[in-house]
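Just so you know, UniProt numbering puts 227 at position 227 of the sequence shown, and the rest follows in order with no gaps.
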Amino acid sequence: MDEAGRPVGRRVVLGMLGLGAVGVVVGASVQDGVNRAVAPVAPLGDLLPAAGGFRFYSVVPSVRRRSAAEHRITVGGLVERPRAFAMADLARLPQTRITRDFQCVTGWRVPDVAWSGVALPDLLDAVGASARARAVLFRSFDGVYTESLTLEQARRRDVLVATGMRDGPVSHDHGGPARLLVAPMYGYKSLKWLGGIEVVDRVVPGYWEERGYDVDAWVGRSNGRDDRPT
Ligand SMILES: Nc1nc2c(c(=O)[nH]1)N[C@H]1C(S)=C(S)[C@@H](COP(=O)(O)O)O[C@H]1N2
Ligand SMILES: [Mo]
Numbered sequence: 001m002d003e004a005g006r007p008v009g010r011r012v013v014l015g016m017l018g019l020g021a022v023g024v025v026v027g028a029s030v031q032d033g034v035n036r037a038v039a040p041v042a043p044l045g046d047l048l049p050a051a052g053g054f055r056f057y058s059v060v061p062s063v064r065r066r067s068a069a070e071h072r073i074t075v076g077g078l079v080e081r082p083r084a085f086a087m088a089d090l091a092r093l094p095q096t097r098i099t100r101d102f103q104c105v106t107g108w109r110v111p112d113v114a115w116s117g118v119a120l121p122d123l124l125d126a127v128g129a130s131a132r133a134r135a136v137l138f139r140s141f142d143g144v145y146t147e148s149l150t151l152e153q154a155r156r157r158d159v160l161v162a163t164g165m166r167d168g169p170v171s172h173d174h175g176g177p178a179r180l181l182v183a184p185m186y187g188y189k190s191l192k193w194l195g196g197i198e199v200v201d202r203v204v205p206g207y208w209e210e211r212g213y214d215v216d217a218w219v220g221r222s223n224g225r226d227d228r229p230t
């Protein structure tokens with residue numbers, strides 16, 4: 001945190017990109033308390049080449065590539081059948097497609113992004129969550145980033161282990177071979193370079209949540225209140 005208590009992580013990333021801290025304030029009316037925590041972050045889209053409207057984010061300078069052939073996602077913790085899923089194993093589970101706007105708390109949004117993969121409830125059914133399960137913890141193979149969801153959130157059909165995006169595989173820069181897509185929440189919930197899933201008995205705050213962001217990151221809501229215009 002800096003002296004004002006604001007998260008500095010993204011400015012560090014900007015610094016590593018040689019862009020420096022631009023300090024543009026995102027309009028306070030745009031979102032909610034989550035947004036206030038990130039107001040000092042520059043709108044990268046003005047500075048980086050557009051990747052179909054996305055900015056590529058990583059809290060570490062580089063992430064080792066994993067091929068689809070070598071990649072495994074371990075699923076363990078409070079489950080009946082812990083298992084490592086190869087990409088081919090994921091492809092054999094029921095496939096779910098979903099098209100949604102993708103929105104980062106810093107203010108950029110990409111309309112109508114098509115994703116495909118395994119709905120998290122289908123993956124959880126494949127391993128069998130134990131009676132003590134209350135939450136799910138996700139780990140990135142970048143070695144740093146984590147996220148978590150309550151079990152109820154993790155059982156939504158619009159939460160995917162995404163292996164496809166816009167009719168191709170999820171690229172390395174977008175967090176492939178497989179990333180999380182938490183469609184109803186801000187982008188930071190959608191952990192990239194998914195390497196491990198652990199079913200746990202309580203919510204463990206993730207990387208940005210340790211740095212002041214809300215664990216419940218519903219787009220358009222604040223403290224459970226739905227602020228979306230009707
Ligand atoms: N491992 C990892 N996952 C991550 C991030 C990150 O820095 N590292 N950034 C998050 C944030 S804040 C957003 S908005 C999206 C951005 O996804 P993109 O890089 O595919 O555009 O990824 C999320 N998942
Ligand atoms: Mo984000």
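Glycine is no exception: its CB is placed at the ideal position from the N, C-alpha and C atoms.
For clarity, every value in this text was computed on a predicted model and none was experimentally measured.
Buried or exposed for residue i, please, with buried defined as at least 16 other CB atoms from any protein chain shown within 10 angstroms of its CB.
i, result
"Ala131", "exposed"
"Ala84", "exposed"
"Ala129", "buried"
"Gly52", "exposed"
"Ala154", "buried"
"Glu209", "buried"
"Gly168", "exposed"
Leaving out five residues on either side along the sequence, give the residues of the same chain with a beta carbon under 6 Å from the beta carbon of residue i.
i, result
"Arg166", "Ala114"
"Asp101", "Arg109, Pro111"
"Ala86", "Arg72"
"Arg139", "Thr146, Gly195, Gly196"
"Val60", "Asp142, Val144"
"Ser190", "Leu180, Leu181, Val182"
"Thr99", "Asp112, Ala114"
"Phe54", "Val110"
"Pro82", "Gly76"
"Asp89", "none"
Within its chain, find whatever has a CB closer than 7 Å to the CB of residue i; leave out the 5 residues flanking it on each side and keep chain order.
i, result
"Val170", "Ala162, Thr163, Gly164, Gly176, Pro177, Ala178, Arg179"
"Phe141", "Arg66, Trp193, Gly195"
"Asp46", "With a pLDDT of 43 at Asp46, under the threshold of 50, the modelled position of this residue cannot be trusted; read the value that follows with caution. Closer than 7 Å at Cβ, skipping near neighbours: no residue."
So residue i and residue j are supposed to be a Cβ contact under 8 Å. How far apart are they, rounded?
i, j, result
"Arg157", "Pro121", "7 Å"
"Val127", "Glu80", "7 Å"
"Val159", "Ala119", "7 Å"
"Val204", "Ser148", "5 Å"
"Asp214", "Leu78", "That belief does not hold up - the Cβ atoms of Asp214 and Leu78 are roughly 25 Å apart, past 8 Å."
"Cys104", "Gly187", "4 Å"
Ligand 3 and residue i: does the residue's C-beta get closer than 8 Å to at least one heavy atom of that ligand?
i, result
"Trp115", "This structure simply doesn't include ligand 3; it includes ligand 1 and ligand 2 instead."
Whole runs of the beta strand (DSSP E) within the segment 46-87, excluding any shorter than 3 residues: Secondary structure within the segment 46-87: the beta strand (DSSP E) runs of 3 or more consecutive residues, fully enclosed, are 72-77, 83-86 (chain order).
Inter-stretch contact at 8 Å, needing at least 3 Cβ pairs: the segment 177-195 / the segment 55-69: Yes: the two stretches touch, three or more of their Cβ pairs being nearer than 8 Å.
Contact the segment 83-97 vs the segment 132-143: 3+ CB pairs below 8 Å: In short, these stretches do not touch, since the Cβ pair count stays below three.
Cβ contact check for the segment 212-222 and the segment 183-199: 3 or more pairs under 8 Å: By the C-beta criterion, the segment 212-222 is judged to be in contact with the segment 183-199, since at least 3 inter-stretch pairs fall below 8 Å.
Completely contained beta strand (DSSP E) runs for the segment 119-182, where each covers 3 or more residues: Whole beta strand (DSSP E) segments, 3+ residues: 135-140, 146-150, 159-165, 179-182.
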